[in-house]
Amino acid sequence: MKGKVIKRGQGKIIMEGDECTEIYAFTDKIAFSISTLLPGQRACLDPGHKNADEICYVIQGKIVIHFPDEEEYYLLETGDALLIPPGVSHYSINVGEEKSITAWAGAGPDMEHFITKAES
């Protein structure tokens, strides 16, 4: 198999609430996307993935990720990452004064929301 370059704008664009997401790649082993939120905007609730870890990396800005079932909040700024365990529902809120840009990656067979939205 050869490598594949995916340029910005070539991915599938989806809107999840206020969050604009570009899905760059998904396979049965990994999903990768970049999301943006304007100040004060909130993403939709992601119900989590039963058998898949997910990670969020903040490229720009300041966000809070909320795990509503556990009532846990995580403040992340540029350069920070959060590992989200399997099955944990979550959403992000831009609490900064600039646009937030986050990278999302998930590994495992249960990244179905990426695949479903990318194919629609």
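For what it's worth, UniProt numbering labels the leading residue of the sequence shown as 1, then goes sequentially.
By construction, the Cβ of each residue, glycine as well, lies at the ideal position given by its N, Cα and C atoms.
| Check | Outcome |
| --- | --- |
| Among Pro85, Tyr24 and Gly96, nearest to Gln41 - alpha-carbon criterion | Gly96 |
| Spatial neighbours of Glu70 in its chain, beta-carbon cut-off 8 Å, leaving aside the 5 residues before and after | Val88 |
| Extent of the continuous beta strand (DSSP E) run through Gln41 | Premise fails: Gln41 is in no beta strand (DSSP E) and is neither H nor E. |
| Member of Pro68, Tyr91 and Pro85 whose CA lies at the smallest distance from the CA of Cys44 | Tyr91 |
| Residues near Lys99 in its chain [Cβ-Cβ closer than 8 Å; skip 5 each side] | Thr36, Leu37, Leu38, Pro39, Gln60 and Gly61 |
| Segment limits, beta strand (DSSP E) that includes Asp53 | Asp53 to Gln60 |
| Rounded C-alpha distance that separates Ala52 from Ile30 | 9 Å |
| Separation of Asp46 from Met15, as counted between CA atoms | 13 Å |
| Val58 classed as buried or exposed, judged by whether at least 16 other C-beta atoms fall within 10 angstroms | buried |
| Same chain, Cβ closer than 6 Å to Trp104, neighbours up to 5 away in sequence not counted | Ser33 and Cys56 |
| Member of Ile63, Ala25, Lys2 and Asp18 whose CA lies at the smallest distance from the CA of residue 123 | The structure shown does not extend to residue 123, since the chain is modelled only from 1 to 120, so the question has no answer here. |
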